[in-house]
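Residue numbers (our numbering): 893 to 1128.
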Amino acid sequence: ARPIIERAFNIRPDLGYIGGQVKEKGMEGLNSTKPAVFTPILMARAERLSSGQEIIDKIGKCAVEPKFDGFRLQAHVKKGKGGRGKDEVEIKLFTRNLEEVTFMYPDVVSGLSSQINADEVILEGEAIAYNPETDEYLPFQLTAQRKRKYDIEEMAKKIPLKLMVFDLLYLNGENFIPQTYVKRREELSKIIKEGKTVYLAEEKIFDDGKEIENFFDDCITRGLEGILAKKLGGIY
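Shown next, in the form of structure tokens:
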């Protein structure tokens, strides 16, 4: 029973929900567990490998993305009609530790509100500070200054953030966690409108270890932390 419970908990880390499902439907009820907007999903973690060839040996032809040196955020967005039929958008941001930090990043919230074309969505990305004059990424020490409880609006103007989005977990009632990386990326690319805050993370497809290492060197030169390789047919 433990693998079934763990799999459900990874998607819905809510013991009340899990207990209710087991009581009502038995253990089999957990197999149909789906994400729910505003309930954070446990974030996937990467395994460290030492070379491009080791990556190819392990997962074969793969998608490689830059690893941004910022804050990983899971964004939950829900759009609907409020009073008098007025459009409303509710957004919550969660950290890797499932802490809600929506109030800390008003610029990210504003960007998601205007740039995401979906009724309900859960997506993941990395918030990273940048220089609006040169468009260059800033060191983590500056990004870290955005994690605060006071003077939030002032600091948002001083050190703006970009949200580099790299994964889609849920969209308009459909669970994308069991979908392949290729499918998740394809659908993610369709729902991000052009703007100044939310961007689809860069992606390159490689089947050669040396090319992966060259891309890694390029990312480091641009002030990024490294790279992430993802199996094309891999689920979240």
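Glycine included, C-beta positions come from ideal geometry on N, C-alpha and C.
Everything numeric in this text was worked out from a predicted model, so none of it was measured.
A936 carries a coil assignment under DSSP once its states are collapsed to helix, strand and coil. Secondary structure note for V1090: its beta strand (DSSP E) is the uninterrupted segment V1090 to L1092.
Within the same chain, Cβ atoms closer than 6 Å to the Cβ of I1097 are found at A955, the five residues on either side in sequence being excluded. Nearest to M996 by C-alpha distance, out of E939, K1088, R1038 and D1011, is R1038. For the options I1044, E1078, I1008 and K1054, the alpha carbon positioned closest to that of P1024 is the one of K1054. Assignment of beta strand (DSSP E) within the region 1024-1063, counting only whole runs of 3 or more residues, yields 1053-1063 in chain order. For D1059, the closest alpha carbon among the candidates K1050, Y1022, I933 and L1030 is that of I933.
Per DSSP, reduced to three states, the secondary structure at V1013 is strand. Check the Cα spacing between N923 and each of V1000, R899 and D949: the tightest is with R899.
The alpha-carbon of Y1022 is positioned some 12 Å away from that of L1116.
The DSSP-derived three-state label of Y997 is coil. Looking at the backbone, the Cα of N1067 and that of T1089 are separated by about 25 Å. Between the region 951-970 and the region 979-999 there are three or more inter-stretch CB-CB distances shorter than 8 Å, so the stretches are counted as touching. Per DSSP, the beta bridge partners of L965 are G1017. Just so you know, the alpha carbons of T1072 and V1013 end up roughly 17 Å apart.
Excluding five sequence positions before and after G1125, the CB atoms of its chain that fall closer than 8 Å to its own CB belong to T1072, Y1073 and V1074, given in chain order.
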